[in-house]
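Q: Chain order of the listed sequences is Y and X. For the first sequence, our numbering begins at 1 and goes up steadily by one. For the second sequence, our numbering begins at 1 and goes up steadily by one. Dropping a structure here in structure tokens format, bear with me for questions.
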Amino acid sequence: MAGTAAHAASDTARPVDGGILNVGLATDASIIDPSITGNSITALITRNIVDSLVGQGEDNKFTPWLAESWDVNGDNTVYTFHLRQGVTFSDGTQFNAAAVKYNFDRILDPKTASSYSKSLLGPIDKIEAPDNRTVVIRYRQSFAPLLQGLSLPYLGIQSPTYLQKAQSTTNTVIGSGPYVLDNFTKGNGSKLSRRADYNWGPGYAAHRGPAHFDHIVFKYLPEASVRLGALASDQLQAIDAVPPANFRSVQGNGKLQVVTRENPGVNSSYFLNTSKGPFQDVKVRQAFQSAVNGPAAIKAAFFGTLKSADNILGPSTLYYDRDIPRSWGFDPEKANRLLDEAGWSQKDADGIRKKDGSRLTLHYVYDSTSLAATEVTLAQAVQYQVRQAGFDLQLDPVDAGGWTARTNANDYDLVSFYYVRAEPDILRTVFHSAYIPPNGQNASRIKSLDEKLNKAVGASDAERKKLYGEVQKEVIDQAYAVPLFVAAYQLGASKKLRGISWATNAKPNFYDAWLDQ
Amino acid sequence: MPGWINKLLQSVVRRTGVIVAVLWGAATIAFIAVKLIPGDPVAILAGGENVVDEAERAALVHQYGLDQPLAPQYARYIGRALTGDFGESYQYRQPVSEVIYDAAGPTLQLAGSAVVLALFLAVTIALATAGRRRSLTLLSSGIELILLSTPVYWIGIVLLTIFSFNLEWFPVTGNDGPSALVLPAIALSLPLAALLSQVLRDGLEEALSQPFSLTVRTRGVGETVLRVRHGLRHAALAASTLTGTLLASTLGGSILTETVFGRSGIGQITLQAIKTRDMPLILGLVMLSALVFVIVNLLVDAFYLLIDPRLRRAGL
Numbered sequence: 001m002a003g004t005a006a007h008a009a010s011d012t013a014r015p016v017d018g019g020i021l022n023v024g025l026a027t028d029a030s031i032i033d034p035s036i037t038g039n040s041i042t043a044l045i046t047r048n049i050v051d052s053l054v055g056q057g058e059d060n061k062f063t064p065w066l067a068e069s070w071d072v073n074g075d076n077t078v079y080t081f082h083l084r085q086g087v088t089f090s091d092g093t094q095f096n097a098a099a100v101k102y103n104f105d106r107i108l109d110p111k112t113a114s115s116y117s118k119s120l121l122g123p124i125d126k127i128e129a130p131d132n133r134t135v136v137i138r139y140r141q142s143f144a145p146l147l148q149g150l151s152l153p154y155l156g157i158q159s160p161t162y163l164q165k166a167q168s169t170t171n172t173v174i175g176s177g178p179y180v181l182d183n184f185t186k187g188n189g190s191k192l193s194r195r196a197d198y199n200w201g202p203g204y205a206a207h208r209g210p211a212h213f214d215h216i217v218f219k220y221l222p223e224a225s226v227r228l229g230a231l232a233s234d235q236l237q238a239i240d241a242v243p244p245a246n247f248r249s250v251q252g253n254g255k256l257q258v259v260t261r262e263n264p265g266v267n268s269s270y271f272l273n274t275s276k277g278p279f280q281d282v283k284v285r286q287a288f289q290s291a292v293n294g295p296a297a298i299k300a301a302f303f304g305t306l307k308s309a310d311n312i313l314g315p316s317t318l319y320y321d322r323d324i325p326r327s328w329g330f331d332p333e334k335a336n337r338l339l340d341e342a343g344w345s346q347k348d349a350d351g352i353r354k355k356d357g358s359r360l361t362l363h364y365v366y367d368s369t370s371l372a373a374t375e376v377t378l379a380q381a382v383q384y385q386v387r388q389a390g391f392d393l394q395l396d397p398v399d400a401g402g403w404t405a406r407t408n409a410n411d412y413d414l415v416s417f418y419y420v421r422a423e424p425d426i427l428r429t430v431f432h433s434a435y436i437p438p439n440g441q442n443a444s445r446i447k448s449l450d451e452k453l454n455k456a457v458g459a460s461d462a463e464r465k466k467l468y469g470e471v472q473k474e475v476i477d478q479a480y481a482v483p484l485f486v487a488a489y490q491l492g493a494s495k496k497l498r499g500i501s502w503a504t505n506a507k508p509n510f511y512d513a514w515l516d517q
Numbered sequence: 001m002p003g004w005i006n007k008l009l010q011s012v013v014r015r016t017g018v019i020v021a022v023l024w025g026a027a028t029i030a031f032i033a034v035k036l037i038p039g040d041p042v043a044i045l046a047g048g049e050n051v052v053d054e055a056e057r058a059a060l061v062h063q064y065g066l067d068q069p070l071a072p073q074y075a076r077y078i079g080r081a082l083t084g085d086f087g088e089s090y091q092y093r094q095p096v097s098e099v100i101y102d103a104a105g106p107t108l109q110l111a112g113s114a115v116v117l118a119l120f121l122a123v124t125i126a127l128a129t130a131g132r133r134r135s136l137t138l139l140s141s142g143i144e145l146i147l148l149s150t151p152v153y154w155i156g157i158v159l160l161t162i163f164s165f166n167l168e169w170f171p172v173t174g175n176d177g178p179s180a181l182v183l184p185a186i187a188l189s190l191p192l193a194a195l196l197s198q199v200l201r202d203g204l205e206e207a208l209s210q211p212f213s214l215t216v217r218t219r220g221v222g223e224t225v226l227r228v229r230h231g232l233r234h235a236a237l238a239a240s241t242l243t244g245t246l247l248a249s250t251l252g253g254s255i256l257t258e259t260v261f262g263r264s265g266i267g268q269i270t271l272q273a274i275k276t277r278d279m280p281l282i283l284g285l286v287m288l289s290a291l292v293f294v295i296v297n298l299l300v301d302a303f304y305l306l307i308d309p310r311l312r313r314a315g316l
């Protein structure tokens with residue numbers, strides 16, 4: 001047996017059908033209907049249950065899926081999809097244009113309270129189904145990110161028969177995907193079974209026809225040591241969120257591996273509140289940015305398992321600008337010079353800078369119930385670093401409710417978070433004035449990028465590239481944010497697990513996966 | 001009307017009044033607490049990404065009645081709570097009663113088996129060690145002290161490491177049948193058993209040193225029969241009060257146990273509800289624990305009457 005496993009290490013190994021894949025997850029999904037939640041674990045699970053109109057490969061290219069082809073007009077206001085024939089939902093309902101229209105109309109209906117999926121659809125004017133296999137989506141204004149949004153499970157197509165009948169869709173979902181949801185239990189997990197007649201996988205997939213595993217079982221195991229123990233004893237074949245401190249022990253185990261996929265989208269960053277306090281002054285923000293030695297702090301906090309960020313966008317995001325990294329970085333002299341220029345030239349006995357009698361104190365507010373312990377370590381390292389330049393950085397741990405309350409009340413100097421999305425339009429969610437808290441996460445509270453972000457939503461490819469380049473440059477130059485690290489999905493897995501592919505939201509796809517015997 | 005029926009009626013009325021007062025008080029305190037602690041329900045409703053524009057925010061706020069003044073919100077909440085309707089959970093988008101009902105089954109299984117196991121262990125240990133050789137008593141209370149001061153979380157991980165990861169006798173997780181219940185039930189029962197057996201042993205030792213024990217012994221009754229039939233009855237009074245309190249605290253223990261073992265249940269949803277400020281669900285859970293507390297107390301009182309005939313005569 002060991003011999004065959006060693007030979008199978010090459011990718012030419014033949015997939016094996018059958019068996020059960022047990023996956024351990026660190027976070028729970030509270031709702032299984034991907035159309036009414038923005039939860040990434042729901043997306044991970046339902047990727048196996050619902051199909052999308054288009055697929056997006058790891059190279060960011062769009063491929064056919066439930067739509068065989070599509071046409072987009074010049075100004076990105078009319079999208080026409082030509083649908084695949086012969087697709088059925090697992091309850092027997094035929095997939096057709098009316099089904100697509102029903103799904104999207106439901107998401108747009110305010111009664112559905114579907115905020116994330118709705119934001120992915122954008123400013124839709126109307127959806128038409130002129131015949132059984134054609135869907136036309138018309139926009140009030142140009143909207144370029146549609147295809148990327150459509151490729152995500154949040155806009156996956158569910159059976160309209162089921163949606164019309166279901167009293168509540170929070171515990172069940174019926175799609176046309178390679179697996180069928182047998183059971184979903186909050187606080188426990190999900191059980192999935194293969195569809196034997198599945199024959200319409202995405203264009204980026206490695207094979208055609210049904211999936212390899214008979215069943216996939218997702219188990220919710222919040223305690224990291226339990227996930228690791230269950231993986232090592234082969235009760236699970238894959239787990240997520242391997243803690244950095246346990247990386248070596250997993251890799252040191254000859255039967256296990258860790259696969260890391262860097263998130264596209266907005267990197268984990270400190271967002272500096274430009275609307276109040278010392279950070280209103282661009283020089284103080286730039287000084288703070290220069291006082292942080294990101295690479296050193298990240299290496300210390302994550303044991304070298306994550307990369308430090310060199311730009312507000314992650315490297316695998318569309319239109320990531322390669323020139324930004326050279327324009328900023330750790331420079332203690334620059335930090336001191338800028339602070340002197342900004343009038344914070346005196347220091348008190350503790351070495352903290354002062355101006356007009358007040359100390360250069362800043363409050364980093366974080367949600368201690370969701371921030372990983374390693375990120376608190378990171379904040380402590382940064383606290384020490386910026387102190388060298390004379391910043392008094394206070395760490396304010398609060399709970400989830402406290403975090404929302406503080407950000408809504410504009411009572412913070414900096415906060416941190418990241419957003420996963422391969423589409424640069426994610427910058428609009430983080431830097432457009434419409435999303436200043438409480439309406440969203442523009443925690444820097446800036447308004448200056450609105451025009452560029454609005455324009456880029458509907459512009460041509462070349463124009464978008466230019467505009468998003470300018471946005472990235474302004475975010476760094478004006479120090480609206482200090483990028484810290486490229487967050488990543490870290491999958492611990494048995495070495496026998498093969499054929500995992502990756503969705504563009506850095507989540508594992510299991511359609512092509514199988515276990516070597 | 002005979003005097004005892006009158007007495008019984010009075011007692012029933014008085015007790016019902018107490019139950020209503022306790023539930024109403026719990027509901028009110030929970031409502032005030034939830035309103036006082038910071039948080040934004042719309043952020044929870046919007047889900048992970050919290051992207052809502054002004055119009056959508058207003059619509060959500062209206063849909064959930066959060067735009068009304070506090071007094072009508074309170075009145076509506078108490079009114080609906082009376083009928084068992086706590087509204088819809090923000091996080092699960094399901095009626096609170098459904099969410100709690102779904103979670104109650106696994107927790108009842110876990111807590112029930114843990115309490116039964118704890119009682120069995122405690123009674124056995126207490127009977128075996130009370131008034132025996134000093135070294136045996138010392139050893140037993142030493143182990144009990146260690147178990148009492150060890151977090152359930154840690155006991156769970158140790159049990160998993162030995163019996164699941166290394167020996168592979170039991171599966172790690174979930175609600176997958178009886179074998180998956182063994183380790184969590186043991187983890188939750190050990191500290192309970194330790195505390196109960198200490199109390200039981202003390203009670204037994206006291207009973208065994210009383211004059212009536214001497215009388216029983218002189219009648220030629222064996223030591224085991226004396227312990228089980230006479231001693232235990234005396235020791236059970238204190239232990240039953242304690243079991244009542246412990247039953248209520250198994251909820252706290254089940255949060256930790258369910259987290260370690262990845263079980264669904266009341267513990268898990270309580271943790272999630274508090275973490276995410278899921279107000280309707282928190283209120284529902286508070287009412288549930290108040291109800292459990294009241295019922296357990298009633299049962300303990302009834303149990304008292306069963307154990308001690310003197311109380312029956314003293315009136316209801």
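C-beta: ideal position from N, C-alpha, C; glycine also.
List in chain order: all unbroken alpha helix (DSSP H) runs of 4+ residues lying wholly within the segment 206-278 of chain Y.
A: Entirely contained in the segment 206-278 of chain Y, the alpha helix (DSSP H) runs reaching 4 residues are, in chain order, 224-232 and 247-252.
Q: Return helix, strand or coil for X/Leu306, following the three-state DSSP convention.
A: Looking at X/Leu306 - three-state DSSP - the assignment turns out to be helix.
Q: If we count Cβ pairs, one from each stretch, closer than 8 Å, do we get three or more for the segment 205-212 of chain Y versus the segment 261-269 of chain Y?
A: No, the segment 205-212 of chain Y does not touch the segment 261-269 of chain Y.
Q: At a cut of 8 Å, does the segment 273-293 of chain Y reach the segment 434-447 of chain Y through at least three beta carbon pairs?
A: Yes, the segment 273-293 of chain Y touches the segment 434-447 of chain Y.
Q: Taking the alpha-carbon of X/Phe120 as reference, which of X/Ile162, X/Pro95, X/Leu190 and X/Pro72 has the nearest alpha-carbon?
A: It is X/Leu190 whose Cα lies nearest to the Cα of X/Phe120.
Q: Cβ closer than 8 Å: which chain X residues qualify as neighbours of Y/Leu313?
A: Going along chain X, no residue has its Cβ under 8 Å from Y/Leu313, so there is no contact; the nearest lies around 17 Å.
Q: Could you name the residues of chain Y that X/Glu328 contacts, counting a contact when the two beta carbons are closer than 7 Å?
A: Since the first residue shown for chain X is 1 and the last is 316, residue 328 of chain X is missing from the structure and cannot be characterised.
Q: Is the beta carbon of Y/Val72 closer than 8 Å to that of Y/Tyr79?
A: Against a cut-off of 8 Å, the Cβ pair of Y/Val72 and Y/Tyr79 comes out as a contact.
Q: Closer than 8 Å, Cβ to any Cβ of chain X: which residues of the segment 210-234 of chain Y, in chain order?
A: Residues passing the 8 Å Cβ filter: Lys219, Tyr220, Leu221, Pro222, Glu223, Ser225, Val226, Gly229, Ala230, Ala232 and Ser233.
Q: Looking at chain Y, is there any beta carbon in it that lies within less than 8 Å of the beta carbon of X/Ile5?
A: For X/Ile5, the answer is no, since every Cβ of chain Y falls outside 8 Å of its Cβ.
Q: Expressed to the nearest angstrom, what Euclidean distance is found between the alpha-carbon atoms of Y/Ser448 and Y/Ala43?
A: Distance between the alpha carbons of Y/Ser448 and Y/Ala43 is about 33 Å.
Q: What distance in whole Å lies between the Cβ atoms of Y/Ile352 and Y/Leu392, which are believed to be in contact at a cut-off of 8 Å?
A: Rather than Leu, the amino acid found at residue 392 of chain Y in this sequence is Asp. Yes, they are in contact, since the Cβ atoms of Y/Asp392 and Y/Ile352 sit about 5 Å apart, within 8 Å.
Q: Consider the Cβ of X/Lys275: report whether some Cβ of chain Y lies at a distance smaller than 8 Å.
A: By this cut-off, X/Lys275 is an interface position.
Q: How big is the Cα-Cα spacing for Y/Ile174 and Y/Asn39?
A: Cα to Cα, the separation comes out at about 18 Å.
Q: Going along the segment 241-265 of chain X in order, which residues come within less than 8 Å of chain Y, judged by CB to CB distance?
A: Result list: Glu258, Thr259, Val260, Phe261, Gly262, Arg263, Ser264 and Gly265.
Q: By the criterion of Cβ-Cβ separation under 7 Å, what are the contact partners of Y/Thr170 in chain X?
A: Those are Tyr92, Arg93 and Gln94, listed as they occur along chain X.
Q: Compare the C-alpha of Y/Thr305 against each of Y/Tyr489, Y/Asn22, Y/Arg14 and Y/Ala98 and name the closest.
A: For Y/Thr305, the nearest C-alpha among the options comes from Y/Tyr489.
Q: Using 8 Å for Cβ pairs, my map puts Y/Asn311 next to Y/Pro295. What's the rounded Cβ distance?
A: Not really, about 14 Å apart at Cβ, beyond 8 Å.
Q: Assuming Y/Asn263 and Y/Tyr366 are in contact, meaning their beta carbons sit under 8 Å apart, how far apart are those beta carbons, in whole angstroms?
A: At roughly 19 Å, the Cβ-Cβ gap does not stay under 8 Å, so Y/Asn263 and Y/Tyr366 are not in contact.
Q: Consider the Cβ of Y/Ala523: report whether some Cβ of chain X lies at a distance smaller than 8 Å.
A: Since the displayed chain Y opens at 1 and closes at 517, residue 523 of chain Y lies outside it and no answer follows.
Q: On a Cα-Cα basis, can you pick out the residue from X/Val294, X/Ala114, X/Val34 and X/Ser97 that is closest to X/Pro274?
A: Note that residue 274 of chain X is Ile in the sequence shown here, rather than Pro. Checked all of X/Val294, X/Ala114, X/Val34 and X/Ser97; the closest Cα to X/Ile274 is X/Val34.
Q: Are any of the Cβ atoms in chain X nearer than 8 Å to that of Y/Ile107?
A: Chain X, which has no Cβ nearer than 8 Å to the Cβ of Y/Ile107, makes this no.
Q: Grab the span of the beta strand (DSSP E) containing X/His230 for me, first residue to last.
A: No beta strand (DSSP E) holds X/His230; DSSP gives it neither H nor E.
Q: Take Y/Thr377 and list the residues in its own chain whose beta-carbon comes closer than 8 Å to its own, dropping the five residues that flank it on each side.
A: Result list for Y/Thr377: Ala300 and Ala301, in chain order.
Q: Could you list which residues in chain X have their beta carbon closer than 8 Å to that of Y/Gln110, in chain order?
A: Strictly speaking, residue 110 of chain Y in this sequence is Pro, with Gln absent from that position. Per Cβ cutoff of 8 Å: Glu56 and Ala59.
Q: Determine contact between the segment 277-288 of chain X and the segment 226-243 of chain X, defined as no fewer than three beta-carbon pairs at a distance below 8 Å.
A: The segment 277-288 of chain X is not in contact with the segment 226-243 of chain X.
Q: Taking the C-alpha atoms as reference points, what is the distance between Y/Ala373 and Y/Thr27?
A: Approximately 15 Å, taken between the alpha carbons.
Q: Starting from Y/Lys507, find everything on chain X with Cβ-Cβ shorter than 8 Å and list it in chain order.
A: Ordered by position in chain X, no residue passes the 8 Å Cβ test against Y/Lys507, which lies about 13 Å from the chain.
Q: Using a cut-off of 7 Å between C-beta atoms, extract the partners of X/Ile269 located in chain Y.
A: Under the 7 Å cutoff, chain Y gives Lys186 and Gly187.
Q: Just the Cα atoms here: how many angstroms apart are X/Ala236 and X/Ile295?
A: If I take the Cα positions, the gap works out to 19 Å.
Q: Which residues in chain A have a C-beta closer than 9 Å to the C-beta of X/Glu168? List them in chain order.
A: This model lacks chain A altogether, as its protein chains are Y and X.
Q: Which one of Y/Asn132, Y/Ala13 and Y/Gln141 has the shortest CA to CA distance from Y/Val457?
A: Minimum Cα distance to Y/Val457 is reached at Y/Gln141.
Q: Using a Cβ cut-off of 7 Å, pull out every chain X residue sitting near Y/Gly401, in sequence order please.
A: In chain order: Ile37, Pro38, Gly39 and Arg277.
Q: Could you give the first and the last residue of the continuous alpha helix (DSSP H) run that contains Y/Leu378?
A: Residues Ala373 to Gln388.
Q: Distance, Cα to Cα, X/Phe261 vs Y/Thr185?
A: Roughly 14 Å between the two C-alpha positions.
Q: Are the C-beta atoms of Y/Ala488 and some chain X residue less than 8 Å apart?
A: So no, Y/Ala488 is outside the interface.
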